[in-house]
Amino acid sequence: MFFPCNSISVYGGHDRGCRVPASVASLSIGVLSYHAHKTLASTLDSYGKGGLVSCANEACIFFNELTPEDERFCMERPGWHCVGSPVNLGLLGGMDALARTMTGDYLLMLQNDCPLVADAVATRRYLDESIALLATGKADIVRCRSRTLPGQGFADSKKFARYHGNGLLPALRRILRPNKTRRMIGRAPYAIPDAELRFPGYITREGDFLVVDSAVINFTDQPFLISRPLMLTLLDWAKEHPKKRTLNGFQVMEINLNVPWWRHSHFKVAVGEGLFTHSRLDGGFRKGKAREVLV
Numbered sequence: 289m290f291f292p293c294n295s296i297s298v299y300g301g302h303d304r305g306c307r308v309p310a311s312v313a314s315l316s317i318g319v320l321s322y323h324a325h326k327t328l329a330s331t332l333d334s335y336g337k338g339g340l341v342s343c344a345n346e347a348c349i350f351f352n353e354l355t356p357e358d359e360r361f362c363m364e365r366p367g368w369h370c371v372g373s374p375v376n377l378g379l380l381g382g383m384d385a386l387a388r389t390m391t392g393d394y395l396l397m398l399q400n401d402c403p404l405v406a407d408a409v410a411t412r413r414y415l416d417e418s419i420a421l422l423a424t425g426k427a428d429i430v431r432c433r434s435r436t437l438p439g440q441g442f443a444d445s446k447k448f449a450r451y452h453g454n455g456l457l458p459a460l461r462r463i464l465r466p467n468k469t470r471r472m473i474g475r476a477p478y479a480i481p482d483a484e485l486r487f488p489g490y491i492t493r494e495g496d497f498l499v500v501d502s503a504v505i506n507f508t509d510q511p512f513l514i515s516r517p518l519m520l521t522l523l524d525w526a527k528e529h530p531k532k533r534t535l536n537g538f539q540v541m542e543i544n545l546n547v548p549w550w551r552h553s554h555f556k557v558a559v560g561e562g563l564f565t566h567s568r569l570d571g572g573f574r575k576g577k578a579r580e581v582l583v
């Protein structure tokens, strides 16, 4: 059953989305996919083993360049609803279409190369605790990528050490690039065990989660949980502020959002142990060197 948004929280000049009580909230799971059936099959198998779909009210796969093969692929996997576009909408367009397709109060946004690495008990507990943070306004977004098994393309610990590590070079970077040094604080939960003690002005603890001010942590399109209204707000902003920098000619949510507006909005980004890793088994949409988001 889906319940309407019955509470809107607005502060800091931005609509932070509905605060539907966790006890009655509905959850939608969405996976954005573009070809790469081998990767997607492995990812969905991990969701089955970890009981992910049973935690949600609906589960959707949005296929960019939807084909009959995609439809057959989805039909063979009970519990998943197949939607898509006959043309490639790119990352931003695909995420926008996926989010608007789903009807839950809270959305778990995934991609086809984000398999689950937690068991069923840990998965349900993490999602329940995450929704509680969102429902009570203690967080606006909850990151769901595993901190201990982040997978391919993860470099937050190394980036943090470049500015906040020991030695002469990190010290020089802190002096010469104070703004970049501050923005690296958001990577501390992945790099040190006492992030909230070292950076109390930006990081606080809520149970097993660290809540980080978006002034110092970047937006990432890797797995995250968010209220549907706030997701649509972020998507609208990203679409209204296109960038010259793209990926294969398409706008990218990460690129468009990681700008002063995001940092000045002071969104509360929760980081916990996480549930998903990053693992691609076959070709995908990226050509050549994968892009690194500038933050």
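In terms of the working numbering, the sequence shown is residues 289 to 583. Beta carbons: idealized from backbone N, C-alpha and C, even for Gly. As the structure is a computational prediction, the values presented were derived from the model and not from experiment.
Helix, strand or coil for residue i? Go by DSSP, reduced to three states.
{"i": "Tyr394", "result": "strand"}
{"i": "Glu364", "result": "coil"}
{"i": "Ile473", "result": "helix"}
{"i": "Glu353", "result": "coil"}
{"i": "Ser311", "result": "coil"}
{"i": "Val341", "result": "helix"}
{"i": "Thr492", "result": "strand"}
{"i": "Asp358", "result": "helix"}
{"i": "Val499", "result": "strand"}
{"i": "Thr327", "result": "helix"}
{"i": "Asp384", "result": "helix"}
{"i": "Thr508", "result": "coil"}
{"i": "Tyr322", "result": "coil"}
{"i": "Ala483", "result": "helix"}
{"i": "Asp333", "result": "helix"}
Is it buried or exposed, residue i, if we count other Cβ atoms within 10 angstroms and call 16 or more buried?
{"i": "Pro511", "result": "buried"}
{"i": "Gly549", "result": "The residue asked about is misnamed: residue 549 is Trp in this sequence, not Gly. Flag for Trp549 reads exposed."}
{"i": "Leu586", "result": "This structure leaves residue 586 out entirely; the chain is present only between 289 and 583."}
{"i": "Leu460", "result": "exposed"}
{"i": "Arg533", "result": "exposed"}
{"i": "Val308", "result": "buried"}
{"i": "Leu457", "result": "exposed"}
{"i": "His552", "result": "exposed"}
{"i": "Asp496", "result": "exposed"}
{"i": "Leu464", "result": "exposed"}
{"i": "Arg493", "result": "exposed"}
{"i": "His529", "result": "exposed"}
{"i": "Ser321", "result": "buried"}
{"i": "Lys326", "result": "exposed"}
Looking only at DSSP bridge pairs, what is residue i linked to?
{"i": "Ile317", "result": "Ala347 and Leu396"}
{"i": "Gly378", "result": "Answer is none; Gly378 lacks a bridge partner."}
{"i": "Ser284", "result": "The chain is shown only over 289 to 583; residue 284 falls outside these bounds and no answer can be derived."}
I want to check one thing, is the minimum distance from the CB of residue i to the heavy atoms of the ligand SAM below 7 Å?
{"i": "Ala449", "result": "You won't find the ligand SAM in this model; it holds no ligand whatsoever."}
> Which runs of the alpha helix (DSSP H) fall wholly inside the stretch 404-466 and span at least 4 residues, in chain order?
Replying inline: Every alpha helix (DSSP H) stretch that sits fully inside the stretch 404-466 and reaches 4 residues is listed by chain position as 408-423, 444-452 and 456-464.
>> Counting beta carbon pairs with one atom in the stretch 401-412 and one in the stretch 473-484, are three or more of them shorter than 8 Å?
In response: Using a Cβ-Cβ distance cut-off of 8 Å, the stretch 473-484 and the stretch 401-412 are not in contact, since fewer than three pairs of beta carbons, one from each stretch, lie closer than that value.
>> Quick test of the definition: if touching needs 3 or more C-beta pairs under 8 Å, does the stretch 528-547 touch the stretch 387-399?
In response: The stretch 528-547 makes no contact with the stretch 387-399, as fewer than three CB pairs between them are under 8 Å.
> Taking only runs of the alpha helix (DSSP H) that begin and end inside the stretch 512-568, which ones reach a length of at least 4 residues, in chain order?
Replying inline: Runs of the alpha helix (DSSP H) inside the stretch 512-568: 516-528, 541-545 and 548-553.
> Any chance the stretch 334-343 sits against the stretch 352-362, with 3 or more Cβ pairs inside 8 Å?
Replying inline: No: the two stretches stay apart, fewer than three of their Cβ pairs being nearer than 8 Å.
>> Within 8 Å, do at least three Cβ pairs link the stretch 408-416 to the stretch 441-449?
In response: Proximity of the stretch 441-449 to the stretch 408-416 falls short of the contact definition, fewer than three beta-carbon pairs being nearer than 8 Å.
> Would you say the stretch 417-425 touches the stretch 469-476, given that touching needs at least three Cβ pairs under 8 Å?
Replying inline: Touching, no, given that fewer than three Cβ pairs across the two stretches are closer than 8 Å.
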